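Scroll down for the structure; my scribbles are underneath it.
In the UniProt record's numbering, the protein residues as written are 1 to 261.
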């Protein structure tokens with residue numbers, strides 16, 4: 001039987017190149033858990049790993065045991081994607097590339113927009129897609145056209161913008177960048193199931209953000225220009241369960257900064 005998401009502790013082949021190992025670390029922000037992506041050409045033991053995940057010894061050992069890891073890539077700084085870097089580096093010895101220098105290991109380099117990375121017989125193109133965090137990147141698998149979007153686009157729901165360094169203007173531009181890649185590209189997200197068409201999902205995300213921004217403008221008209229984050233959340237986010245309001249507060253804070261700037 002073909003594995004379906006969520007399939008914990010099992011290597012699930014999603015495309016000819018990309019397989020996923022789902023970490024058992026579910027949360028409000030991580031959905032069912034972190035997707036660790038293992039990329040390789042058919043029949044090749046060498047692989048690239050994208051986002052080893054949190055510091056879960058069993059998960060990291062399973063990922064390391066899935067093949068000969070020659071390179072590790074980090075999509076962004078959040079701990080559910082990076083907490084296991086040191087343990088994973090000890091297991092594999094593979095260099096770790098990341099935007100932030102403090103996340104690099106083993107002589108790993110930074111990640112520049114439009115940079116081509118060649119390893120394990122594959123070619124990946126880096127796209128800087130900030131907004132969720134300032135250091136967020138996506139990876140285009142040039143060999144097949146699918147795109148690893150990390151937390152910039154999720155497999156279900158919408159992305160929370162981190163109030164510490166997220167930026168709505170950047171995020172809207174990142175959606176336009178992803179739309180510009182064209183139709184028919186599979187989404188390989190950081191959390192949740194894969195999706196069949198990046199262009200349509202990115203357009204939906206862009207429309208959703210613009211709709212929320214309009215709703216927040218309306219809330220400020222009603223509540224006053226100096227309304228605080230919680231008041232705006234309670235006014236706007238009546239369509240989601242209140243248990244999700246803390247996550248909504250993160251995004252609202254970023255959107256208010258955008259409007260007030």
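Note that the Cβ used here is the ideal one computed from N, Cα and C, for glycine as well.
Note that this is a predicted model, so its numbers are computed, not measured.
query, result
"4-residue-minimum alpha helix (DSSP H) runs that sit fully inside the region 166 to 224, ordered along the chain", "168 to 179 and 198 to 223"
"Through-space distance from residue 13 to residue 115, alpha-carbon basis", "26 Å"
"Cross-strand partners of residue 150 (DSSP beta bridge)", "189"
"Proximity of residue 136 and residue 148 at Cβ, strictly below 8 Å", "no"
"Buried/exposed call for residue 65, threshold 16 Cβ in 10 Å", "exposed"
"Where the alpha helix (DSSP H) containing residue 82 begins and where it ends", "79 to 82"
"C-alpha gap between residue 110 and residue 34, whole angstroms", "22 Å"
"Between the CA atoms of residue 28 and residue 244 - distance to the nearest angstrom", "7 Å"
"Of the residues 155, 168, 192 and 142, the one placed nearest residue 129, counting alpha carbons only", "168"
"Given 8 Å, three or more beta-carbon pairs between the region 155 to 162 and the region 115 to 127", "no"
"Meets three-Cβ-pair contact criterion under 8 Å: the region 74 to 82 and the region 6 to 22", "no"
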